[in-house]
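Protein chains in written order, with our numbering: chain A, 1 to 438; chain B, 1001 to 1299.
Every residue gets a Cβ at the ideal spot worked out from N, C-alpha and C, and that includes glycine.
What you are looking at is a predicted structure, and each value in this text was computed from that prediction instead of being measured.
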C-alpha cells in the first residue's frame, strides 16, 4: 500500500511539471534554440550579408619591387587565417589622389608602399571606413613578410637559403611515455574547450532539479497542503516521491535536450550533404578521428559508464539536498537563499573542469575531483584528459555514495521535522536536534 | 471509538498539551475548545500522527493510529490546506487517491458534494480563483470524500455565510447519524452547543472542563432569567445573589448566582408592570467558557 502511494505521489509530482503548459512552451523554445545554435552558420549565411564580397585592394608600390612579393605573401597568409578571407590585389599605377578617389567611390582599400631608410619599407593603409580585424591582420602580416623577404634578398642571401629561412620549422614530438601521443596532447586542448560545453546541460539540469524540488515542497508547505499529505503518507514516502519525480524529470528533460541536439546535427548534416553551405565549426568526423588517434576511443567503454554513474549519483545527491533544504525553509524566497551555496559549489566544479588543463598534475585539482557536487563535473573532465586514473574516478563515486547514504540517513530526520515546521526561529537548533534523535 | 489517554506534548521547554484524556464514541460529536494557543491544533496533529514525539496513547477502535488506518480519517485543518494551483477536480482526486480511493469513486462523490453545495460550475476552476467560502467548501469536501470513520473538523465554519453554515451543520449531523466519530473545534460557542454532546475546554494545554454538556451546565450553578416588561435595573441589582442585569433590545437577562435566588427575583418582577415573560434558563456555554477559562487564566 505504501508503494502504491509512493508511486502515486511520484506520478502526481511529475505530471504537475511535465503536463504544465510552461514545460511544453519552454521545451519547444529550447529545441528551436538548440537546433538553431547548431546550425547558426547556415542561418547567418541564409540571411546573406557582405561577408561573401571580395575586398578589392589597390597597391601603389613606390618601391617598385614589392607588389609581386606582397601578392604572393597575401596568398600564403590567407591560408593561415582561413580561405574565407577574399582579397583581390591590383597594382595601381596612377596618382595617389586618383587612388583615394577610387577608394571613396568604389569602397576599395589602398595600400601605399614606400622605401624607408632605416626600416627597409613603410606602408600606409587607406580606407573609406573601418576594416575588419582579420582583413587587417592578413594585410599587416603579409606586408611584414614582404619586408622580411626584401631585407633578406638585400643581404645577398641565396634564393634556396631564403626559402629555408622563411619556411616554418617542422617540429617532431617525442613522448617517453609510450601511452602518450601527439593526438592526445591536442585532445587536451580540444577537451578543455569542448568538455565544458558537453557538461553544460548537466549543470543546467542540476539547477532545474534543485529549483523544481524546492518549489514543490515550498508550495505544499505554504499552502498547508502538506498537513493533509503527511496525515496520509509518511514523510519518508513523501521525501522519496519528490526525489524520484525530480530525477525522472531531469532525465526526461535531458532526453529532450539530447533529442534536440540530434535533430540539430541531423539538419546540419542534411544541409551539408546538399552542399548548400560549408562549415568548419563542428567537424564530427575530425573529432572522431582525433578520438581514435589519441587512443581515447579505446577507453570510452569505461569512461562513459563511470561518467554516467557519477552524473546520476550527483543528480540523486542534488535532489536529496534540495529536498532537505526545502523542508527547512518556510517560503521560496528563503529557499533561494539557502540553496545558493550548493549552486556555487557546483559552479566551482564547472570552472575547475574548464581550467583543469592549465594545472596538469595539480594535487589540489585531483583532490577537488573527489569532492561531491564538484566531482561530477571535474572528475570526467580530468579522466578524459588523462590527468586522473579510473581509480580516482571510482574514489569520486564512492565518496558520492557515502554522501548519499548520509543525506538519506540524517536528511530524512531533518525532513520529517522540517516539512511541518512553519517557523524560522531556532531553525538550526531544531534541525540539529532532529539529527540527534534516534 | 476514539480514545485519547494521558497525552502530553512539549515544544522544547513549553508544555503544549498536559496529560489530556477523553474518549469519543461512534456517532458522537465531541467539542475541543480553548482560547488561541490552548493546544487544540497540537491535539489534532497528535491524533493525525503529524506529531509523534509525545507521551500517552491515542487509539481508534482500539488500534493505534498509523498510516494503515489514516484512510478512514477525514481532516479539515483550521488554515486552508489546499494546493491552490490545482483545479477543484485535481485537488479532490489528489487527496482522494491519498486515501486509496479509486478515481471513479472519487469523481462520483465529488459530483454529489459539488451539487449539494451548489458549486458544480467550479469543478474545473483553479482553487486560487475561488472565494474564501467556496475554498472552505472544497476543503470540507476533501475531508469527507472518503466517508470517514473519524472526522476531525478544526474551525469548519470559517469564512462561511449563515446559509452555508446551516448546510455544513446538516452534513455533519448526517455523518453523526451514519456513526462517524466527530471531533469539532470552534470559537463559536453556539455552534458547539448545538452539535456537541461532550466537550473539553483546554487552557494552556490542560483540560479545565471536561464531560457531557448537559452535566457541565447542570454543575454550573449560575443561571439566567429572561424577563420582558417594565423593570428597574437598579432595584434588581440590590437583590442578594443577582450578579448582573443585561438589557437587550426588548428584554432583560438577569444573571443569578444559583437557583435559590429565583424566588426573590420572581417576587420583585411580579410587582412590576407589563410583564409578559419570565423564563429561567441555564447559563450559555459561552458564559461557562468565559467564566471557567477566565478563572483558570487568572490562576
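(request) Examine chain D for any beta-carbon lying closer than 8 angstroms to the beta-carbon of residue 1080/B, and answer yes or no. (result) The structure shown has no chain D; the protein chains it does contain are A and B.
(request) Just tell me which of 1223/B, 1137/B, 1153/B and 1005/B has its CA closest to the CA of residue 1120/B. (result) Here residue 1120/B refers to the residue found at position 120 of the second chain. Ranking the options by Cα distance to residue 1120/B, first place goes to 1137/B.
(request) Go to residue 1031/B, then tell me how far its beta strand (DSSP E) extends in each direction, as first and last residue. (result) Taking the second chain and counting its residues from 1, one reaches residue 1031/B at position 31. Here the beta strand (DSSP E) through residue 1031/B covers 1029 to 1034.
(request) Can you give me the start and stop residues for the beta strand (DSSP E) that residue 1224/B sits inside? (result) Taking the second chain and counting its residues from 1, the one referred to as residue 1224/B is at position 224. Unbroken beta strand (DSSP E) run through residue 1224/B: 1223 to 1230.
(request) Kindly list, in the order they appear in chain A, the residues whose Cβ is closer than 7 angstroms to that of residue 1048/B. (result) For the purposes of this step, residue 1048/B is identified with residue 48 of the second chain, where counting begins at 1. Neighbours of residue 1048/B on chain A, chain order: 231.
(message) Given a cut-off of 8 angstroms on the beta-carbon distance, is the pair residue 142/A and residue 54/A in contact?
(response) As a first step, residue 142/A is located in the first chain; it is residue number 142 there, counting from the start. As a first step, residue 54/A is located in the first chain; it is residue number 54 there, counting from the start. No, the Cβ-Cβ distance between residue 142/A and residue 54/A is not below 8 angstroms.
(request) May I ask you to verify whether the region 1159 to 1173 of chain B touches the region 1081 to 1096 of chain B, counting CB pairs closer than 8 angstroms and requiring at least 3? (result) no
(request) Leaving aside the five residues before and after residue 320/A along the sequence, list all residues of the same chain whose C-beta is less than 8 angstroms from its C-beta, in chain order. (result) Stepping through the first chain from its first residue, residue 320/A is reached at position 320. Taken in chain order, the residues that qualify are 243, 404, 407, 408 and 411.
(message) Just to confirm the assignment, what range does the beta strand (DSSP E) spanning residue 1255/B have?
(response) One-based indexing of the second chain puts residue 1255/B at position 255. That run of the beta strand (DSSP E) goes 1252 to 1256.
(message) Per the DSSP calculation, residue 413/A is bridged to which residue(s)?
(response) Indexing the first chain from 1 puts residue 413/A at position 413. Note: residue 413/A sits in no beta bridge, so no partner.
(message) Between residue 312/A and chain B, is any beta-carbon pair separated by less than 8 angstroms?
(response) Along the first chain, read from residue 1 onward, the residue named residue 312/A stands at position 312. It does not: the Cβ of residue 312/A has no partner Cβ on chain B nearer than 8 angstroms.
(request) Classify residue 264/A as buried or exposed, calling it buried when 16 or more other Cβ atoms lie within 10 Å of its own Cβ. (result) Start at 1 with the first residue of the first chain, and residue 264/A comes out as number 264. Buried: at least 16 other Cβ atoms inside 10 Å.
(request) Put residue 360/A into one of helix, strand or coil per three-state DSSP. (result) What you label residue 360/A is simply residue 360 of the first chain in a count that begins at 1. Correct three-state label for residue 360/A: coil.
(message) Could you give the first and the last residue of the continuous beta strand (DSSP E) run that contains residue 120/A?
(response) Counting from 1 along the first chain, the entry for residue 120/A is found at position 120. Counting along the chain, the beta strand (DSSP E) containing residue 120/A begins and ends at 120 to 127.
(request) Rounded to whole angstroms, what's the CA-CA distance from residue 1191/B to residue 1154/B? Just pull it up for me. (result) Here residue 1191/B refers to the residue found at position 191 when the second chain is read from its first residue. Here residue 1154/B refers to the residue found at position 154 when the second chain is read from its first residue. Using only the alpha carbons, I get a separation of about 13 angstroms.
(message) Tell me which residues share the same chain as residue 1286/B and place their Cβ nearer than 7 angstroms to its Cβ, disregarding the 5 neighbours each side in the sequence.
(response) Taking the second chain and counting its residues from 1, one reaches residue 1286/B at position 286. 1189.
(request) Output yes or no for whether 8 angstroms exceeds the beta carbon distance between residue 1001/B and residue 1276/B. (result) In the second chain, counting from the first residue as 1, residue 1001/B sits at position 1. In the second chain, counting from the first residue as 1, residue 1276/B sits at position 276. Their beta carbons are not under 8 angstroms apart, which means residue 1001/B does not touch residue 1276/B by this criterion.
(request) Check whether the region 1202 to 1215 of chain B touches the region 1054 to 1074 of chain B, counting contact only when three or more Cβ pairs, one atom from each stretch, lie closer than 8 angstroms. (result) no
(request) Output the residue ranges of the beta strand (DSSP E) runs that lie fully inside the region 1157 to 1245 of chain B and measure 3 residues or longer, sorted by chain position. (result) 1181 to 1185, 1198 to 1203, 1206 to 1212 and 1223 to 1230
(request) Assign residue 94/A to one of two classes, buried (16 or more other C-beta atoms within 10 Å of its C-beta) or exposed (fewer than that). (result) Within the first chain, numbered from 1, the residue matching residue 94/A stands at position 94. When all chains shown are included, residue 94/A counts as exposed.
(request) Within the same chain, show all residues whose beta-carbon is closer than 7 angstroms to that of residue 1043/B, passing over the 5 residues directly before and after it, in chain order. (result) Here residue 1043/B refers to the residue found at position 43 when the second chain is read from its first residue. Only 1017, 1020 and 1032 meet the Cβ criterion.
(request) Along the alpha helix (DSSP H) that carries residue 1265/B, what are the first and last residues, could you check? (result) Here residue 1265/B refers to the residue found at position 265 of the second chain. From DSSP, the alpha helix (DSSP H) with residue 1265/B extends over 1262 to 1271.
(message) Can you tell me where the alpha helix (DSSP H) holding residue 375/A begins and where it ends?
(response) For the purposes of this step, residue 375/A is taken as residue 375 along the first chain, with counting starting at 1. Note, residue 375/A: alpha helix (DSSP H), 375 to 384.
(request) Check distances from the C-beta atoms of the region 1091 to 1116 of chain B to those of chain A and list, in chain order, the residues that come in under 8 angstroms. (result) 1094, 1095, 1097, 1098, 1099 and 1100
(request) Taking all protein chains shown into account, decide if residue 44/A is buried (16 or more other Cβ within 10 angstroms of its Cβ) or exposed. (result) Working through the first chain from its first residue, we reach residue 44/A at position 44. It is exposed - the Cβ of residue 44/A has fewer than 16 other Cβ atoms within 10 Å.
(message) According to DSSP, is residue 1276/B part of a helix, a strand, or is it coil?
(response) Position 276 of the second chain holds residue 1276/B. Residue 1276/B: strand per DSSP, three-state reduction.
(message) Please classify residue 118/A as buried or exposed, where buried requires at least 16 other C-beta atoms within 10 Å of its C-beta.
(response) Counted from its first residue, the first chain places residue 118/A at position 118. Classification of residue 118/A: exposed, given that the 10 Å Cβ count is below 16.
(message) DSSP three-state label for residue 112/A, please.
(response) Reading the first chain from its first residue, position 112 is the one you call residue 112/A. DSSP places residue 112/A in strand when its eight states are reduced to three.
(request) Step through the CB atoms of chain B and report whether any lies within less than 8 angstroms of the CB of residue 333/A. (result) On the first chain, residue 333/A is found 333 positions in, with the first residue counted as 1. Residue 333/A does not count as touching chain B.
(request) Note down the Cα distance separating residue 1235/B from residue 1197/B, rounded to an integer number of angstroms. (result) For the purposes of this step, residue 1235/B is identified with residue 235 of the second chain, where counting begins at 1. For the purposes of this step, residue 1197/B is identified with residue 197 of the second chain, where counting begins at 1. Roughly 38 angstroms separates the two Cα atoms.
(request) In angstroms with no decimal places, state the Cα-to-Cα distance between residue 1163/B and residue 1027/B. (result) Numbered from its first residue, the second chain carries residue 1163/B at position 163. Numbered from its first residue, the second chain carries residue 1027/B at position 27. So the two alpha carbons sit approximately 25 angstroms from each other.
(message) So, with DSSP's three-state summary, where would you put residue 279/A?
(response) Taking the first residue of the first chain as 1, we reach residue 279/A at position 279. With a pLDDT of only 46 at residue 279/A, under 50, the local geometry of the prediction cannot be trusted, and the value read off the model is given with reservation. In this structure, residue 279/A counts as coil in the three-state DSSP scheme.
(request) For residue 1004/B, name the three-state secondary structure that DSSP assigns. (result) Numbered from its first residue, the second chain carries residue 1004/B at position 4. Three-state DSSP puts residue 1004/B in a strand.
(request) Apply the 10 Å Cβ neighbour rule to residue 276/A and answer buried if 16 or more other Cβ atoms are within range, or exposed otherwise. (result) Numbered from 1 along the first chain, position 276 holds the residue referred to as residue 276/A. Any answer about residue 276/A is weak, because its pLDDT of 42 lies below 50 and its placement is not dependable; what the coordinates show is given next. Exposed, because fewer than 16 other Cβ atoms sit within 10 Å of the Cβ of residue 276/A.
(request) Might you give, ordered along the chain, the residues of its own chain that have their beta carbon closer than 6 angstroms to the beta carbon of residue 1109/B, omitting 5 neighbours on each side? (result) Indexing the second chain from 1 puts residue 1109/B at position 109. The residues are 1145.
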